[in-house]
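Read the structure below first, then the notes.
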Amino acid sequence: MSVTAAKGFVAGAVHSGLRRSGPDLALVRSLMPATGAAMFTVNRVQAAPVTVSKEHLELAEPQAIVVNSGVANAATGVRGELGARATAAEAARLLGLDAEEVLVLSTGVIGKRLALDKIMPALRHAASSLSDEGGPAAAEAILTTDTHAKQAVAQGPGFAVGGMAKGSGMIHPNLATMLAVVTTDFPLEPGEAADFLRPTVDESFNAISVDGECSTNDTVVVLSNGAGGAKRSAAADEAFADALHAVCADLAGQIVADGEGATFLAEISVSGAASDPEAKAIARRIATSPLVKTALFGRDANWGRVLAAAGSAPFNGGYAQLDPARVTLDLAGVRVLEAGAPSDVEPELGGSRCTIALDLALGDGSADYLTSDLSYDYVRINADYRS
């Protein structure tokens, strides 16, 4: 399962001491030449591992990934960057690779540098523990405030796609405190992985929100080694794209479901917008509205908050187009507003999930989003994060 589901990939995990207990350092590598791509946070404050991994991707094809939890190595200056480089170099030495073929990912407390006296011996143990059964352990090692590991696998004709992710808080579009590593034995040529990854991330990891916060460390990586033996064709490429999307969407859904303090999920669907980008802007605004999210926590079908959020969605320096007289809104499958007029029907928000469907009747634009509620526990978890 996880990142070792595809042929030719191995993983390992160890406790380095960056966290008080449990595995906190994971290593993933391909046993045969691989190609890959990555997408990173758009936060202007970018962690040292993001800077180093971006540079490495420009110089070589990635063959291995080191992930640590407990320390973000963000806002750590030159010493932080040197630590990320030293980590990549040591992993490369142990695996017989060039340093530029190793990507480094970190998650944890911002402002804390890597303790190299802990990382270096841990890397040696991780390298010696690599196994094609090491995926689940690696998925555990990358967690922070998560309550459980997040893994997903999809099979295609002659190939597999497997992935692991972490994320529970600071989750917002354009990535957030979210790391994901996806591996596949589908054959890709150098440079092709990005073409498959970019639209997939946009429709999965960039379409979720827990708290509207954008992190310094977000990274999604995909590695491909072609070991599955699949033959390339238009149909094969489509099957791979579908499998990659399935894995990323599954992982993204698990992240929101495990959102810090989350008790309730909402699947937001916006249709009839003037354009797809405007639909996404409106869906994002609803997904990140504190008033909408607290109403979800209280199981309060306060659809007025949804409408108010939709009408104030930032877009291109102004607001996304919306005509209140044309809007139709369904909440939990119940029509609460039609062509701008309330239906006087009050839906019940039971269980742990609901749908919010908004039709603007302006065009063909559409977008989907997944969000969670905002609970008392979210405040407690984040108030106690460093204690």
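Under our numbering, the first residue of the sequence shown is numbered -6, with each subsequent residue one higher.
Where is the CB? At the ideal position from N, CA and C, for every residue including glycine.
In this text, all values refer to a predicted model and were calculated from it rather than measured experimentally.
Would you call the region 49 to 56 in contact with the region 85 to 104, where contact means no fewer than 3 C-beta pairs closer than 8 Å? Three or more beta-carbon pairs drawn from the region 49 to 56 and the region 85 to 104 are found closer than 8 Å, and the two stretches are therefore classed as touching.
Looking at the strands, I want to know which residues DSSP matches up with Gln144. Paired residues: Met157.
So Met409 is in the beta strand (DSSP E); what residue range does that whole segment cover? What the structure shows of the chain is the stretch from -6 to 380, and residue 409 is not part of that stretch, so it cannot be assessed.
DSSP state of Gly73, grouped into three classes? When DSSP states are grouped into helix, strand and coil, Gly73 belongs to the helix group.
Roughly how many angstroms separate the alpha carbons of Asp211 and Asp337, rounded to a whole number? Rounded to the nearest angstrom, the two C-alpha atoms are 43 Å apart.
For Ala145, which residues from the same chain have a beta carbon less than 6 Å from its beta carbon, with the 5 sequence-adjacent residues on both sides left out? So the qualifying residues of the chain are Gly156, Val240, Asp243, Leu244.
Determine the extent of the alpha helix (DSSP H) in which Ser359 is found, giving its start and end residues. Per DSSP, Ser359 belongs to no alpha helix (DSSP H); it is in the beta strand (DSSP E), 358 to 365.
Please identify the residue among Leu136, Ala220, Leu90, Cys207 whose C-alpha is closest to the C-alpha of Gly151. Relative to the Cα of Gly151, the nearest Cα in the group Leu136, Ala220, Leu90, Cys207 belongs to Ala220.
Here's a check: name, in chain order, each residue in its chain whose Cβ is nearer than 7 Å to the Cβ of Met113, leaving out the five neighbours to either side. Sequence-distant partners of Met113 (beyond 5 residues in either direction) whose C-beta falls short of 7 Å from its own C-beta, in its chain, are Glu83.
Could you work out which residue in Gln148, Gly149, Ala142 is closest to Ala158 when comparing CA atoms only? Among Gln148, Gly149, Ala142, the Cα nearest to that of Ala158 is on Ala142.
Quick one: is Leu315 near chain C, going by C-beta distance under 7 Å? Looking at the structure shown, chain C is missing, and only one protein chain is on hand.
Among the candidates Ile248, Asp316, His238, Val45, whose CA atom is the shortest distance from the CA of Val382? Outside the shown range of the chain (-6 to 380) lies residue 382, about which nothing can therefore be said.
Coarse secondary structure for Ile112, derived from DSSP in three states: Note: Ile112 maps to helix in three-state DSSP.
Assuming Ala376 and Ala272 form a contact by the criterion Cβ under 8 Å, report the distance between their Cβ atoms to the nearest whole angstrom. Not a contact, Cβ separation roughly 35 Å.
Rounded to the nearest angstrom, what separates Thr281 and Arg298 at their Cα positions? Approximately 12 Å, taken between the alpha carbons.
Could you give the residue range of the beta strand (DSSP E) that holds Asn61? Annotation: the continuous beta strand (DSSP E) that includes Asn61 extends over 57 to 64.
Coil, strand or helix - Ile279 by DSSP: If DSSP states are grouped into helix, strand and coil, Ile279 belongs with the helices.
Is the CB-CB distance between Ile349 and Leu324 below 7 Å? Result yes, Cβ atoms of Ile349 and Leu324 sit closer than 7 Å.
Quick check on DSSP: helix, strand or coil for Arg433? Missing from the structure shown is residue 433; the chain here goes from -6 to 380 and no further.
Local Cβ density within 10 Å of Val21, reported as buried at 16 or more and exposed below that: Buried, by the Cβ-count rule.
Helix, strand or coil: how does DSSP classify Ala259 here? Correct three-state label for Ala259: strand.
Compute the Euclidean distance between the alpha carbons of Ile248 and Gly160, then round it to the nearest angstrom. Per the coordinates, the alpha-carbon of Ile248 lies some 5 Å from the alpha-carbon of Gly160.
From this set, Ala(-2), Thr321, Ser62, which residue's C-alpha is nearest Arg106's C-alpha? Residue nearest to Arg106 within the set Ala(-2), Thr321, Ser62 is Ser62 (criterion: CA-CA distance).
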